[in-house]
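Colleague: Below you'll find the structure I mean.
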Amino acid sequence: MTVSFKILAKEDIVYFRYSGHIRAGETKALLAKLTVDPDYHPKLQQLADFTEVVSVELDYAKAMQAMRTTLAELKQVDYPPTPIYLAPTDVAMSFAKMICHLWDGLPMPQPIICETTDEALRYLDDPDDRVRQVISSPLLHYSPPQKTERPLMAIDLALQLQRNLVIMVWSGIVNDDQSAEALQTYATHPDARIGQDILSDMSGVETGYFDLPKRLALQASLDRVLGLGDKTRTIVYFAPTPQSQELADQYAALWDATPSVTAHVTENEAEALALLKITAGSIAEVLDRNE
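Its first residue numbered 233, the sequence shown is counted upward by one per residue in this note's numbering.
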């Protein structure tokens, strides 16, 4: 990851640029460097530019630690500034929403996410347009690779008619758009059946965000497909990491209002299989038997 910042002392603005693959530990290191800069003070207006982010690996424990450091700094002022996030791409928007999720419940202003430079600059007091010059500065320029080995998200499907089972193997960065694509793939699959149980293996999830408005809209489609008919369907989320557990808990909660669906979240692989009455040593073994 490349993270750089520039403080415009006259304008009282700090501009951050995030590029490449994002890791929470490096963000913490950036904050440590920022706070010892001679031009830094907690009242600086903040603009974080995520335009060049290509992928994200967010350790929630490290991210929350960095957030506590930021919170301690902001508590030194009576009216802390509202962070502005510039997020013009899908990956940038995902990252921005992840960070906003971390701010939930904290006694600080919620960040504002902007999709264009013009929109972001409207929130800053910068009559000389210095920030726009910095954004386009070649000194901070970073060209992301054309290809990345860290895709946003992949969901592989395996349908096993003999078990009345669908296995979904998730990996990468969870994105609601890819979830919708996976639903469409399943709904149109020739082996899809009413009442099929679902085992979601989320052990490969690196990180993700939960966009509640978008997810609620998607849930209506899920209900029409997965809640169809009078047969009860069991959905089990195998989520062995803190990142996957947080996401799985939110997904499972959305099924509470669907009487034909029972959702479970477990960090134990053996329990996940037992909930579906599957006799096997691992999910990989279940998949192998279907080949």
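Each residue gets a CB set at the ideal place from its N, CA and C atoms; glycine is no exception. Because the structure is a prediction, the values reported are computed rather than measured.
Check for me: the beta strand (DSSP E) holding MET400 runs from which residue to which?
Modeller: 397–406
Colleague: Would the beta-carbon of TYR250 fall within 8 Å of that of VAL235?
Modeller: yes
Colleague: Do you know offhand how far GLY513's Cα is from ARG521's?
Modeller: 12 Å
Colleague: For SER411, does the count of other Cβ atoms within 10 angstroms reach 16, so buried, or fall short, so exposed?
Modeller: buried
Colleague: Hey, how far is the Cα of ALA264 from the Cα of VAL363?
Modeller: 23 Å
Colleague: Within 10 angstroms of its Cβ, does GLU413 collect 16 or more other Cβ (buried), or is it exposed?
Modeller: exposed
Colleague: So what does DSSP say about MET330, is it helix, strand or coil?
Modeller: helix
Colleague: Counting along the chain, where does the alpha helix (DSSP H) carrying ILE515 start and finish?
Modeller: 515–521
Colleague: Verify whether the separation of the beta carbon atoms of GLU243 and ASP358 is less than 8 Å.
Modeller: yes
Colleague: For SER432, which residues of its own chain have a beta-carbon under 6 Å away from its beta-carbon, when the five flanking residues on both sides are left out?
Modeller: MET400 and TYR469
Colleague: Quick check on this structure: which residue in HIS333, GLU438, ILE426 and LYS509 has the alpha carbon closest to the alpha carbon of GLN475?
Modeller: GLU438
Colleague: In the DSSP assignment, the beta strand (DSSP E) including ARG465 goes from what residue to what residue?
Modeller: From DSSP, the beta strand (DSSP E) with ARG465 extends over 465–470.
Colleague: Looking at the structure shown, is MET434 part of a helix, part of a strand, or coil, going by DSSP?
Modeller: strand
Colleague: For VAL323, count neighbouring C-beta atoms within 10 Å of its own C-beta (all shown protein chains included) and say buried if the count is 16 or more, exposed if not.
Modeller: buried
Colleague: Out of ILE254, LYS238 and VAL285, state which residue places its alpha-carbon closest to the alpha-carbon of TYR272.
Modeller: LYS238
Colleague: Near HIS421, what residues of its chain come up, given a Cβ to Cβ distance below 8 Å and the 5 sequence neighbours on each side ignored?
Modeller: LEU389 and LEU391
Colleague: Starting from LEU318, trace the beta strand (DSSP E) in both directions and tell me its first and last residue.
Modeller: 316–318
Colleague: Write down the C-beta distance between THR498 and ALA489 rounded to the nearest angstrom, noting that I regard them as a contact closer than 8 Å.
Modeller: Going by Cβ atoms, the distance from THR498 to ALA489 rounds to 21 Å, so no, they are not a contact pair.
Colleague: Provide the residue span of the beta strand (DSSP E) that contains ALA495, from first to last.
Modeller: It spans 493–498 - the beta strand (DSSP E) in which ALA495 sits, taken as one unbroken run.
Colleague: Which class does ALA280 belong to by DSSP, given the choice of helix, strand or coil?
Modeller: strand
Colleague: Relative to the C-alpha of THR321, which residue among SER368, ASP281 and GLN477 is closest?
Modeller: ASP281
Colleague: How is the alpha helix (DSSP H) around ILE426 delimited, first residue to last?
Modeller: Segment: none, ILE426 is in no alpha helix (DSSP H) and carries neither H nor E.
Colleague: Rounded to a whole number of angstroms, what is the C-alpha to C-alpha distance between HIS496 and ILE426?
Modeller: 19 Å
Colleague: Give the single residue among ILE430, PRO274, MET340 and TYR418 whose Cα lies nearest to the Cα of THR464.
Modeller: ILE430
Colleague: Would you mind stating whether MET434 and ALA485 have Cβ atoms separated by less than 8 Å?
Modeller: no
Colleague: Would you mind reading off the limits of the beta strand (DSSP E) that contains ILE344?
Modeller: 344–346
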